[in-house]
Amino acid sequence: MKDEVPNLRDYDKALRDEAAAEPTLEVPQGAPTSKTQIIAIYGKGGIGKSFTLANLSHMMAEMGKRVLLIGCDPKSDTTSLLFGGKACPTIIETSSRKKLAGEEVAIGDVCFKRGGVFAMELGGPEVGRGCGGRGIIHGFELLEKLGFHDWDFDYVLLDFLGDVVCGGFGLPIARDMAQKVILVASNDLQSLYVANNVCSAVEYFRKMGGNVGVAGLVINKDDGSGEAQAFAKAVKIPVLSAIPQDDDLRKKSANYQIVGTHASQWGQMFQDLAEAVGIAPPVRPTPLDQDGLLGLFDAKDTGGDYQLVPATDVDMRGKHGTPKASLEVIYDDA
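In the UniProt record's numbering, the protein residues as written are 1 to 334.
Following this line, the structure appears as structure tokens:
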């Protein structure tokens with residue numbers, strides 16, 4: 001039994017080494033040639049990516065486009081609105097189960113459809129038992145085995161968690177898997193911080209020779225205060241849509257009702273978004289530094305005007321603090 005107990009020190013070192021490893025720099029060159037637009041959508045957890053994507057994909061399908069929606073978030077909540085709150089089996093969960101049974105994964109095990117939209121969830125590891133980014137990589141490896149590169153779609157929409165910046169979640173940007181990125185944010189500092197981080201990742205890989213750019217920003221729950229608009233202007237990306245902070249939208253989303261349809265009062269808004277997404281070119285953003293980001297907000301709300309006060313050794317020692325003799329060398333006058 002003793003041999004079965006893992007060496008936690010070695011395990012911790014392995015995780016740290018993995019996290020510290022530089023990304024592979026073999027980024028393909030040249031413009032994308034596939035007729036399929038593969039678009040990665042990033043944003044802070046809970047900012048409304050799933051709401052935006054479920055309705056956007058549904059509207060695209062109504063407009064006659066073939067759409068594949070892939071949830072790349074370990075929470076597996078991307079498709080919940082599309083499927084009326086039902087959780088579909090994830091690729092990682094299904095792959096593990098089928099492997100134990102000695103069976104192969106089939107398309108029908110992991111891909112489901114509604115309203116002309118094809119959708120699936122990559123999923124993630126059990127809590128505390130694996131790396132979410134590695135799960136994403138494993139999921140895409142399985143998609144390739146299922147024939148991903150031979151599928152016929154006009155749009156493939158990838159829903160990525162923006163809070164996590166490890167290699168797995170940065171895969172579409174680092175490996176040119178997507179042609180462009182769309183950001184979802186609101187008029188709050190944390191969601192714009194995440195959006196700015198994604199812009200930084202795009203800029204980093206563009207310097208390495210990558211082709212992925214940012215197509216624009218979708219402002220969700222827009223209260224008209226203007227910070228997200230100011231952010232888009234500052235980083236030089238367009239605003240593709242401003243979805244208002246509206247009680248009708250909140251209730252319908254909470255009840256898993258699709259509003260990205262011509263039968264809804266919000267249909268035109270999502271049709272305009274779908275058209276903008278289709279034609280928006282991938283541009284190279286100019287990410288902000290921390291002070292620039294704070295500058296978008298009133299200092300009284302963020303504390304952005306605070307001046308850093310250095311701590312001293314006596315401060316750190318607290319009640320144990322006693323003045324220490326100076327180490328400065330004093331020379332007698334010659």
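Glycine included, each C-beta is placed from N, C-alpha and C at the ideal position.
Model, not experiment: these values are computed from the prediction.
Residue i versus the options, residue with shortest Cα-Cα distance
{"i": "S241", "options": "G45, C111 and N55", "result": "N55"}
{"i": "L146", "options": "R66, G108 and V329", "result": "G108"}
{"i": "G84", "options": "R114, S57, R97 and A106", "result": "R114"}
{"i": "G46", "options": "D73, F112 and I39", "result": "D73"}
{"i": "I38", "options": "L158, G139, K98 and A101", "result": "L158"}
{"i": "T52", "options": "V309, A280, M269 and Y331", "result": "M269"}
{"i": "Q257", "options": "A40, M63, R97 and K86", "result": "K86"}
{"i": "V110", "options": "G102, K98 and G116", "result": "K98"}
{"i": "Y306", "options": "H320, R317, M316 and D291", "result": "D291"}
{"i": "L294", "options": "D188, M63 and M316", "result": "D188"}
Other residues of its chain near residue i: CB distance less than 6 Å, five sequence neighbours each side excluded
{"i": "K252", "result": "V259"}
{"i": "G213", "result": "K180, P282, V283 and R284"}
{"i": "D154", "result": "K65 and R66"}
{"i": "P244", "result": "D222"}
{"i": "F160", "result": "A40, Y42, C72 and F169"}
Cβ-Cβ separation, residue j to residue i (assumed contact under 8 Å), whole Å
{"i": "G71", "j": "N220", "result": "About 17 Å separates the two Cβ atoms, so there is no contact after all."}
{"i": "A274", "j": "M60", "result": "5 Å"}
{"i": "G123", "j": "S76", "result": "5 Å"}
{"i": "G210", "j": "K44", "result": "So it is not a contact: roughly 23 Å between Cβ atoms."}
Per-residue DSSP class, three states only, for residue i
{"i": "A31", "result": "Here A31 scores only 42 on pLDDT, less than 50, and its place in the model should not be relied on; the value that follows carries that caveat. Three-state DSSP puts A31 in coil, outside helix and strand."}
{"i": "Y306", "result": "coil"}
{"i": "M269", "result": "helix"}
{"i": "Y155", "result": "strand"}
{"i": "K99", "result": "helix"}
{"i": "M316", "result": "helix"}
{"i": "D222", "result": "strand"}
{"i": "Q245", "result": "coil"}
{"i": "K75", "result": "coil"}
{"i": "E328", "result": "coil"}
{"i": "Y204", "result": "helix"}
{"i": "G278", "result": "helix"}
{"i": "R66", "result": "coil"}
Neighbourhood of residue i by C-beta, 8 Å cutoff - its chain only, sequence neighbours within 5 removed
{"i": "L217", "result": "I182, L183, V184, A185, A195, A228, F231, A232, I237, P238, V239 and L240"}
{"i": "D272", "result": "S241"}
Close-in-space but distant-in-sequence residues of the same chain around residue i (CB under 7 Å, 5 per side omitted)
{"i": "L142", "result": "I91, S95 and V105"}
{"i": "C199", "result": "V214, V235, P285 and P287"}
{"i": "S191", "result": "G43, K44, I47 and A185"}
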